[in-house]
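Asker:
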Amino acid sequence: MKNTLLRLLLLTCFGLLTNFAPPEKQGTNAALVGKWSKDPNAVWEFRADRSYTMSMADGKASISGTYSVRGNMLMLSDLSATGQAKACDASQKGFYIFAADSYTLTLSTQNDDCPARNRLVPGTYNRK
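Per mature numbering (1 follows the signal peptide of the UniProt record, and there is no 0): the sequence shown = residues -21 to -1, 1 to 107.
#1: Can you check the segment 57 to 105 for any beta strand (DSSP E) of at least 3 residues that lies completely inside it and give the ranges in chain order?
#2: So, for Ala36: in the same chain, excluding its five sequence neighbours on each side, which residues have a beta-carbon less than 8 Å away from its beta-carbon?
#3: Nearest-angstrom Cα distance between Arg26 and Phe77?
#4: May I ask you to report which of helix, strand or coil DSSP gives Ala36?
#5: When the distance is taken between beta carbons, is Tyr104 closer than 8 Å to Lys17?
Put into structure tokens, the structure is as follows:
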């Protein structure tokens, strides 16, 4: 009986240590939510519903998509574009390492199959 309880306790502890939390509790999604800019001509907005929009300051073009967070990894997937902007194909996911605090957001490329997005995304952003 003692051995069974000990094994059960060890398995429970192991399960808790190795189990991933649900996506909404894994990363720092809340730290991303808001508007960010590294260039006065473009603003990225990350929303709590896991959607994003990159808009040009002149309002003539934008790209919208969805994102997910796992730890310090941000995954971007474009859905649509307006004006002169071109969205990446939905199969081309972008993976970026991020760090965010109240004032700055830093994004570094992990892997992105879309060259256009990979030119736009990496860098340090300031909260708007």
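Backbone N, C-alpha and C fix where the C-beta goes; we use that ideal spot for every residue, glycine too.
Answerer: With the given structure in hand:
#1: 73 to 79, 83 to 91
#2: Sequence index remark: in the sequence shown, residue 36 carries index 57 (1-based). These residues qualify, in order along the chain: Pro19, Asn20, Ala21, Val22.
#3: On the sequence shown, position 47 is the one that residue 26 refers to. On the sequence shown, position 98 is the one that residue 77 refers to. Cα to Cα, the separation comes out at about 16 Å.
#4: Within the sequence shown, the letter at position 57 stands for residue 36. It is coil, neither helix nor strand.
#5: Within the sequence shown, residue 17 is the residue found at index 38, counting from 1. Within the sequence shown, residue 104 is the residue found at index 125, counting from 1. Result yes, Cβ atoms of Lys17 and Tyr104 sit closer than 8 Å.
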